[in-house]
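In the UniProt record's numbering, the protein residues as written are 1 to 505.
Just below is one structure, and these are the notes that go with it.
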Amino acid sequence: MEIKRRDFLKAGAAVGAAAAVGVPALNAFAKEQAGAGGMGEDPGQWIPTTCQGCTQWCPVEQFIQHGRLLRVRGNQLCKANNGYACPRALLLPKMVYDPDRIKVPMKRTNPQKGRGVDPKFVPITWDEALDTIADKMLELRKNNEPHKFMYMRGRYSPTSTDLAYGTIAKIFGSPNSFSHSAICAEAEKMGPGYTEGFFGYRDYDLARTKYLLIWGCDPLSSNRQVPNAIHKFGDILDRATVAVVDPRLSSSAAKAHEWLPVKPGEDGALATAIAHVLLTEGLWSKGIYNSEPYTFKAHWGKFGTETKRFEFYSETLKKVLKEHADKHKTTIDDVLQASNYTARGEQAFVPHYEPPKRWGDEKEYPFTFIDYKSRLNREGRSQNVIWYHEFKKVDVGDVSWDDVVKINPADAQKLGIKNGDTVRLTSPTGSITVKAKLWEGLRPGTVAKCYGQGHWAYGKVAAKEYHKARPRGGNNNELMPDDYDRLSGSTARNGGFTGVKIEKV
Numbered sequence: 001m002e003i004k005r006r007d008f009l010k011a012g013a014a015v016g017a018a019a020a021v022g023v024p025a026l027n028a029f030a031k032e033q034a035g036a037g038g039m040g041e042d043p044g045q046w047i048p049t050t051c052q053g054c055t056q057w058c059p060v061e062q063f064i065q066h067g068r069l070l071r072v073r074g075n076q077l078c079k080a081n082n083g084y085a086c087p088r089a090l091l092l093p094k095m096v097y098d099p100d101r102i103k104v105p106m107k108r109t110n111p112q113k114g115r116g117v118d119p120k121f122v123p124i125t126w127d128e129a130l131d132t133i134a135d136k137m138l139e140l141r142k143n144n145e146p147h148k149f150m151y152m153r154g155r156y157s158p159t160s161t162d163l164a165y166g167t168i169a170k171i172f173g174s175p176n177s178f179s180h181s182a183i184c185a186e187a188e189k190m191g192p193g194y195t196e197g198f199f200g201y202r203d204y205d206l207a208r209t210k211y212l213l214i215w216g217c218d219p220l221s222s223n224r225q226v227p228n229a230i231h232k233f234g235d236i237l238d239r240a241t242v243a244v245v246d247p248r249l250s251s252s253a254a255k256a257h258e259w260l261p262v263k264p265g266e267d268g269a270l271a272t273a274i275a276h277v278l279l280t281e282g283l284w285s286k287g288i289y290n291s292e293p294y295t296f297k298a299h300w301g302k303f304g305t306e307t308k309r310f311e312f313y314s315e316t317l318k319k320v321l322k323e324h325a326d327k328h329k330t331t332i333d334d335v336l337q338a339s340n341y342t343a344r345g346e347q348a349f350v351p352h353y354e355p356p357k358r359w360g361d362e363k364e365y366p367f368t369f370i371d372y373k374s375r376l377n378r379e380g381r382s383q384n385v386i387w388y389h390e391f392k393k394v395d396v397g398d399v400s401w402d403d404v405v406k407i408n409p410a411d412a413q414k415l416g417i418k419n420g421d422t423v424r425l426t427s428p429t430g431s432i433t434v435k436a437k438l439w440e441g442l443r444p445g446t447v448a449k450c451y452g453q454g455h456w457a458y459g460k461v462a463a464k465e466y467h468k469a470r471p472r473g474g475n476n477n478e479l480m481p482d483d484y485d486r487l488s489g490s491t492a493r494n495g496g497f498t499g500v501k502i503e504k505v
């Protein structure tokens, strides 16, 4: 029997639907009658599902009445988020019923492209969309041009990762397979991967934390396990010490016992100083140091070098670099340059100082630009949601229905800038125009702005004037150079490596 592609896709969808609704509901997956609290005769139900506001995929419950989603809460039986939901999950009703939401495939009918140009999208069926894609792919194969096929993946799942993203491009014969992870969390995974041996998302034992050092992140606002951090934070403040290292007074810093507003890109000096004090004064936990599974002492001194010890002058590194350079018919200095190192020659093989990477001469671009994530940002899916803009002031120092750049009052006074003035931020790669917000929760010399704004074609809420292609605020990406982290290959968009100048408009 011949199985057509369309029939296979339909069968797969049917199996998935059966798996979703045909299994008896148990425990955290059980529906719950709402009882009192429903409107009208229909009492409504709390239906278990998951939130896609981040990669935690928190178990949540949606209150459904008369076939419509009315509100959201954390799954009351879940131990991962303790029955809580962060603000991002609460935006779901407005997101589901967004008037601009695309529900079917759309086909461009206007070949002209550009800002303010109507693409004249028309709705088409899923069958037509799949047939169009399949026909184009077969045409490329027939012309021996599979390399012209490019697969781009957005939010991932096991199916999209292993089947679509991991297999289709390889089978088709194209090297062009890209994931949103390149501009998301790959660099963030790389650090713990090299230091802790785990290249993945990780959570921490907040229930037994004695000293919480939050370094360059804001667990109350972004990344994974926000509900867990919110639930545990009050208890941690009562029994432990919380310190935050961040040039910006984040939500976590606002509640912490200590806030250390370091200069962006130079926090390595602070990390080295802390390590020096811990080691020279013997302040580490001796119990952990000598107990399972942390028997560090058993591995002491077994360096993977030819001399089996730490080499002040690294013969091992020099040998490996020379072999790599010879293999590719180049020089060691060329390898160092490609790796973004400033050291050359013999200096590369001894401990030395590498200045922080920064785009823009400090005389021309004197301010360091950093951006941060809103507590309401569902990883790019919130900007056309009314509640996102209405409650934007939940982000410390931000303003509802506006996009502001935060400037320390001392810096603003020197520039003659007042609160609410329109200013232009210019970097070596571009410029944006936004409102100024004078704010003491930022170290002098640094300016900060929430990312995710500046849309002009995302929807009628995200844009200031949608039909005129006028954005609401500025797009931080205009200021960011197209640089990347040399270890992970991920876009380097954080760390204050972009210099800007500020002008009053």
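We put the beta carbon where it would ideally sit given N, CA and C, even for glycine.
Best match in 387, 394, 418, 467 for proximity to residue 503 [C-alpha to C-alpha]: The residue with the shortest Cα to Cα distance from residue 503 is 418.
With respect to the alpha helix (DSSP H) encompassing residue 318, which residues constitute its N-terminal and C-terminal limits? Following the DSSP letters along the chain, one finds residue 318 inside the alpha helix (DSSP H) bounded by residues 315–327.
Pull up the distance between the alpha-carbon of residue 447 and that of residue 367, whole angstroms please. Going by the C-alpha atoms only, they are around 7 angstroms apart.
For residue 277, report the span of its alpha helix (DSSP H) as first-last. Here the alpha helix (DSSP H) through residue 277 covers 267–280.
Can at least three beta-carbon pairs, one atom from the stretch 392–403 and one from the stretch 480–488, be found at a separation below 8 angstroms? Result no; under three Cβ-Cβ pairs closer than 8 angstroms.
Nearest-angstrom Cα separation, counted from residue 336 out to residue 105: So the two alpha carbons sit approximately 47 angstroms from each other.
Figure out for me which residue from 253, 181, 178 has the closest Cα to the Cα of residue 212. If we check each option's Cα against that of residue 212, 253 comes out closest.
Using C-beta distances below 7 angstroms, list every residue in its chain close to residue 192, excluding the 5 sequence neighbours before and after it, in chain order. Excluding positions up to five away in sequence, the list reads 198, 202.
Just mark residue 312 as buried or exposed, buried being the case when its beta carbon has 16 or more other beta carbons within 10 Å. Using a 10 angstroms sphere on the CB of residue 312, the tally of other CB atoms stays under 16, which defines it as exposed.
Sorry if obvious, but does the Cβ on residue 414 come closer than 6 angstroms to a heavy atom of the ligand PLP? This structure simply doesn't include the ligand PLP, nor any ligand for that matter.
Could you please give me the residues that DSSP links to residue 112 through a beta bridge? Per DSSP, residue 112 has no beta bridge partner at all.
Mind checking if residue 90 is an interface residue toward chain D, Cβ cutoff 7 angstroms exclusive? In the structure shown, chain D cannot be found, because there is only a single protein chain.
So does the stretch 405–419 actually touch the stretch 432–449, counting three or more Cβ pairs closer than 8 angstroms? When C-beta atoms of the stretch 405–419 are compared with those of the stretch 432–449, three or more pairs fall below 8 angstroms, so the two segments count as touching.
By the DSSP assignment, the alpha helix (DSSP H) with residue 172 in it spans what residues? Boundaries of the alpha helix (DSSP H) around residue 172: 169–172.
Answer yes or no: do residue 177 and residue 146 have a C-beta to C-beta separation smaller than 7 angstroms? It is not a contact, given that the beta carbons lie outside the stated cut-off.
Cβ-based neighbour list, residue 498, same chain, cut-off 7 angstroms, excluding 5 preceding and 5 following: Counting only Cβ-Cβ distances below 7 angstroms, and skipping sequence neighbours, we find 359, 360, 369, 427, 479, 480, 481.
So what does DSSP say about residue 388, is it helix, strand or coil? Shown here, residue 388 sits in a helix according to DSSP, grouped into three states.
For residue 306, which of helix, strand or coil comes out of DSSP? Residue 306 sits in coil when the DSSP states are folded into three classes, being neither helix nor strand.
Can you tell me whether residue 371 is helix, strand or coil according to DSSP? Per DSSP, reduced to three states, the secondary structure at residue 371 is strand.
On the DSSP bridge list, what partners appear for residue 433? According to DSSP, residue 433 bridges with 424.
Can you tell which of 429, 386, 245 has its C-alpha closest to the C-alpha of residue 365? Of 429, 386, 245, the residue nearest in Cα terms is 429.
State buried or exposed for residue 51, treating a residue as buried only when at least 16 other CB atoms are found within 10 Å of its CB. Of the other Cβ atoms in all chains shown, 16 or more fall within 10 Å of the Cβ of residue 51; this residue is therefore buried.
Per the DSSP calculation, residue 463 is bridged to which residue(s)? Answer is 471, bridged to residue 463.
Assign residue 448 to one of three DSSP states: helix, strand, or coil. Under the three-state reduction of DSSP, residue 448 is assigned to strand.
Once the 5 residues before and after residue 207 are set aside, which same chain residues still bring their CB inside 6 angstroms of it? Here the set comprises nothing.
Out of 41, 43, 91, 67, which has the shortest C-alpha to C-alpha gap to residue 60? Taking only the C-alpha atoms, the option nearest residue 60 is 91.
Roughly how many whole angstroms lie between the Cα atoms of residue 457 and residue 464? Rounded to the nearest angstrom, the two C-alpha atoms are 10 angstroms apart.
Distance, Cα to Cα, residue 332 vs residue 130? Answer to the nearest angstrom: the Cα atoms are 49 angstroms apart.
Would you check if the distance between the CB atom of residue 249 and the CB atom of residue 441 is smaller than 7 angstroms? Taking 7 angstroms as the cut-off, the beta carbon of residue 249 is found closer than this to the beta carbon of residue 441.
Could you name the residues of the same chain whose beta carbon sits closer than 6 angstroms to that of residue 467, not counting the 5 residues immediately before and after it, in chain order? If we look at residue 467 and ignore the five residues flanking it on each side, it has no Cβ neighbours.
State the Cα-Cα distance for the pair residue 224 and residue 210, rounded to the nearest angstrom. Distance between the alpha carbons of residue 224 and residue 210 is about 21 angstroms.
For the alpha helix (DSSP H) that residue 193 lies in, which residues bound it at each end? Residue 193 -> alpha helix (DSSP H) spans 186–196.
Please report the straight-line C-alpha distance between residue 100 and residue 110, rounded to a whole angstrom. In a straight line, the C-alpha of residue 100 is about 20 angstroms away from that of residue 110.
Going by beta carbon distance, what residues of the same chain come within less than 8 angstroms of residue 164, once the five residues before and after it are set aside? If the five residues before and after residue 164 are omitted, its C-beta is found closer than 8 angstroms to the C-beta atoms of 151, 153, all from its own chain and listed in chain order.
Could you give the distance in angstroms between the alpha-carbon of residue 443 and the alpha-carbon of residue 180? Whole-angstrom Cα-Cα distance: 32 angstroms.
Determine the DSSP secondary structure at residue 507, reduced to helix, strand or coil. Any property of residue 507 remains undetermined from this structure, which presents the chain solely from 1 to 505.
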